[in-house]
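So the sequence shown is numbered by the numbering used here: it starts at 182 and just counts up by one.
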Amino acid sequence: MHLPPAGRAGKGFFFILMGPEGISRLHRAAPVVDAHCDTLSLLVHQTALRGEEAAGQVTPERLKQGGVNLQCFAVFVAPRHRGSYLRRALEQIDTFYRFLSLYAGELMPVCDRASLEGALVAGKIGAALCVEGGHVLEGSLGVLRVLRRLGVSCLTLTWNGRNELADGVLESGTGGGLTSFGREVVREMERLGMVVDVAHLAPAGFWDVLRLSRLPVIASHANARALCDHPRNLTDEQVRALAAKGGVIGVSFVPEFVDPEKPTLERVVDHIEHLAAVGGVACVGLGSDFDGTPQTVAGLEDPSCLPAITGALERRGWREEDIRKVLGQNFLRVFRDVWQ
């Protein structure tokens, strides 16, 4: 039988093999990873961590409905809280572990290769702890090492502005790359088995990281700038370079990064297809940014909607093996490569 080129399987081909119910079977069989959500920023202010009053977009039940195998939870402290970055980060880390203890039957903390495989084998939803913004380190490698011991397995080097590591994408008029401290952080992260996240990083810092790093890096939540000209999105040149390092880009569902005029499910899939066309299927994953903004993409309101992405890719003729890569295999590859 003649098979169409990789990526697409030809109109109707996949549907004939799978049938109308095959989308759900494929989604349930595939590993599903979401590389970014901001749920901890909501939960840290709640008096209860269970029940309707504590519910944001991301809940264990919705993760289960969406077939999620690994959810990355970001610790985000707004830069306006100068002087208390670390304390506020530790409060969110405490919230993370209290939340997991309430849902121990469904969720399992993941911070290294062994715990990742343990969660997958146990059939539980892995929960990985990430820090969004290197300002939380307050200029200390010692803080980085302590955070790693607390289970933090990924660090987004900057948020939108400048910190001790580098400039963020919205730091205007400077174009600053990695500082000396930023370079030390990247080297120490690789030694500790932590994933370097270049989302939010200004272009100069992005290129510095790619030149410095020995291991794959990720952009946990970013889209294609060719389709949506926002500074948070990546140019085709950046996509190709990150892919060449074995890295992965988590496609974000933030309407502003998808298409301000028509933020739809199909437009999200357009970003997936563009990134795959530019950097190859191996560089594309999911990084929803659920609970990070009150606006949502129609059809992707919470994790229970993730099977819709599988369905959309199937309708466009994608091969099963490539859908699996986008849904989670690509991020799992990087985590297995980097985590110790």
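Yeah, the Cβ is synthetic: ideal placement off N, Cα and C, and Gly gets one too.
Being a predicted model, the structure only gives us computed values, none of them experimental.
Burial is judged here by how many other beta carbons sit within 10 angstroms of a residue's own beta carbon; residue 278 has fewer than 16 and is exposed. Non-local beta-carbon contacts of residue 219 in its own chain, meaning distances under 6 Å to residues more than five positions away in sequence, involve 255, 257, 472, 473 in chain order. Put simply, of 252, 224, 227, 353 the residue whose alpha carbon is nearest the alpha carbon of residue 485 is 252. Per DSSP, the unbroken alpha helix (DSSP H) holding residue 370 starts and ends at 361-373.
The closest CA to that of residue 400, considering only 326, 373, 464, 439, is found on 464. Boundaries of the beta strand (DSSP E) harbouring residue 308: 306-313, taken from the DSSP string.
When rounded, the separation of the alpha-carbon atoms in residue 283 and residue 337 is 27 Å. With 16 or more other CB atoms across the displayed protein chains lying within 10 angstroms of its CB, residue 381 is buried.
Membership of residue 336 in the beta strand (DSSP E) is indicated by the continuous run 333-337. By the Cβ test, the segment 378-393 is not in contact with the segment 318-330, since fewer than three Cβ pairs between them sit closer than 8 Å. Secondary structure at residue 488: helix, using DSSP grouped into helix, strand and coil.
Of all C-beta pairs linking the segment 206-219 to the segment 439-453, fewer than three are shorter than 8 Å, placing the two stretches out of contact.
Counted as a single uninterrupted DSSP element, the stretch harbouring residue 410 is not any beta strand (DSSP E), since DSSP gives it neither H nor E.
Every alpha helix (DSSP H) stretch that sits fully inside the segment 433-514 and reaches 4 residues is listed by chain position as 436-439, 446-460, 488-496, 501-505.
A distance of 9 Å or more separates the beta carbons of residue 427 and residue 367. Assignment of residue 212 by DSSP, reduced to helix, strand and coil, places it in the coil class. Counted as a single uninterrupted DSSP element, the alpha helix (DSSP H) harbouring residue 389 occupies residues 384-393. Excluding five sequence positions before and after residue 329, the CB atoms of its chain that fall closer than 7 Å to its own CB belong to 373, 375, given in chain order. When beta bridges are read from the DSSP output, residue 218 appears opposite 254, 471.
Taking all protein chains in view, the Cβ of residue 316 is crowded by 16 or more other Cβ atoms within 10 Å, so the residue is classified as buried. Under the three-state reduction of DSSP output, residue 275 falls in the helix class. In terms of Cα proximity to residue 521, the closest of 505, 417, 489, 296 is 296.
Contact between residue 450 and residue 490 holds, since their C-beta atoms are separated by about 7 Å, short of 8 Å.
Annotation: residue 434 to residue 448 spans about 10 Å, alpha carbon to alpha carbon. Taking a contact as a CB-CB distance under 8 Å, the pair residue 351 and residue 341 counts as one, their CB atoms being some 4 Å apart. In the DSSP assignment, the residues bridged to residue 290 are 308. Taking C-alpha positions only, residue 412 is separated from residue 482 by approximately 24 Å.
Between residue 507 and residue 425, the gap from beta carbon to beta carbon reaches 9 Å or more. When the beta-carbon positions are compared, residue 431 and residue 466 come within less than 9 Å of each other. One Cα belongs to residue 477, the other to residue 407, and the distance between them is close to 21 Å.
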